[in-house]
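In what follows, a single structure is set out as structure tokens and then discussed.
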Amino acid sequence: MQVPNRILYDPDRVFPDWTWEEKIGRSRSLILPFLLTSLLVALLAGREAYYTYNDWRQSNLPAQEARDPWVRNTRYWMNPQEVAHFYKMPLETVFVALGVQPVPGDENLTLRELAEKYDRSPDQVRDALNYLNNQQPRR
Numbered sequence: 005m006q007v008p009n010r011i012l013y014d015p016d017r018v019f020p021d022w023t024w025e026e027k028i029g030r031s032r033s034l035i036l037p038f039l040l041t042s043l044l045v046a047l048l049a050g051r052e053a054y055y056t057y058n059d060w061r062q063s064n065l066p067a068q069e070a071r072d073p074w075v076r077n078t079r080y081w082m083n084p085q086e087v088a089h090f091y092k093m094p095l096e097t098v099f100v101a102l103g104v105q106p107v108p109g110d111e112n113l114t115l116r117e118l119a120e121k122y123d124r125s126p127d128q129v130r131d132a133l134n135y136l137n138n139q140q141p142r143r
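Right, here's the structure in full:
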């Protein structure tokens, strides 16, 4: 048996308590609050994303001393090759600043071991490193 089309598509029978005009009018009255709520959520999410990004960016920065290119932190455990790389100078310049005539293998000794081997005081090594630091071109 075939069902007549008017029964299947009769809006009064399926949704008897409203008309299309009422539904459209109700939707229009909900558009403005929906848009305002969406705008508020978008602004809050954007603000949170901005602060989160800035916190992440700041947390990945090294300490101020390490960011300053003129504050050089050489350590006594570094060898002359590392110091030369650190100051972007040839290895021979480091040995000249330390006042050392290098023999093969000296480039692998630490600054402390070099100071002991060639009878240098820690102040002399520190002065040599300050000399190397002053040789850097200023930006």
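Each step along the sequence shown adds one to the number in the numbering used here, with nothing skipped, and position 35 is 39. Every residue gets a Cβ at the ideal spot worked out from N, C-alpha and C, and that includes glycine. Keep in mind the model is a prediction, meaning the values are calculated, not measured.
For Lys92, which three-state DSSP category applies?
-> Translated into the one-based positions of the sequence shown, residue 92 becomes position 88. In the structure shown, Lys92 sits in coil (DSSP, three-state: anything other than H, G, I, E or B).
Taking just the CA atoms, how far does Leu118 sit from Gln1?
-> Outside the shown range of the chain (5 to 143) lies residue 1, about which nothing can therefore be said.
Looking at C-alpha atoms only, which residue of Leu136, Phe38, Thr56 is the closest neighbour of His89?
-> Start at 1 with the first residue of the sequence shown, and residue 89 comes out as number 85. It is Leu136 whose Cα lies nearest to the Cα of His89.
Val104 versus Tyr122 - alpha carbon distance = Residue mapping note: residue 104 aligns to position 100 of the sequence shown, counting from 1. Residue mapping note: residue 122 aligns to position 118 of the sequence shown, counting from 1. Near 7 Å, if we compare the C-alpha coordinates of Tyr122 and Val104.
Which word fits Pro108, buried or exposed, when buried means at least 16 other C-beta atoms lie within 10 angstroms of its C-beta?
-> Sequence index remark: in the sequence shown, residue 108 carries index 104 (1-based). It counts as exposed.
Looking at Arg124 and Leu102, is the spacing between their C-beta atoms short of 8 Å?
-> Looking up residue 102 in the sequence shown gives position 98. Looking up residue 124 in the sequence shown gives position 120. Closer than 8 Å, so yes.
Which residues in the same chain have their Cβ closer than 6 Å to the Cβ of Tyr91, if we skip the five residues on either side of it in sequence?
-> Mapped onto the sequence shown, residue 91 falls at position 87. Result list for Tyr91: Leu136, in chain order.
Nearest-angstrom Cβ-Cβ length linking Asn83 and Thr114, presumed shorter than 8 Å | By 1-based counting over the sequence shown, the position of residue 83 is 79. By 1-based counting over the sequence shown, the position of residue 114 is 110. Going by Cβ atoms, the distance from Asn83 to Thr114 rounds to 5 Å, so yes, they are a contact pair.
So Glu111 and Leu95 are in contact, right, with Cβ under 8 Å, and what is the actual spacing, rounded?
-> To locate residue 111, count along the sequence shown from 1; it is residue 107. To locate residue 95, count along the sequence shown from 1; it is residue 91. About 6 Å separates the Cβ atoms of Glu111 and Leu95, confirming a contact at the 8 Å cut-off.
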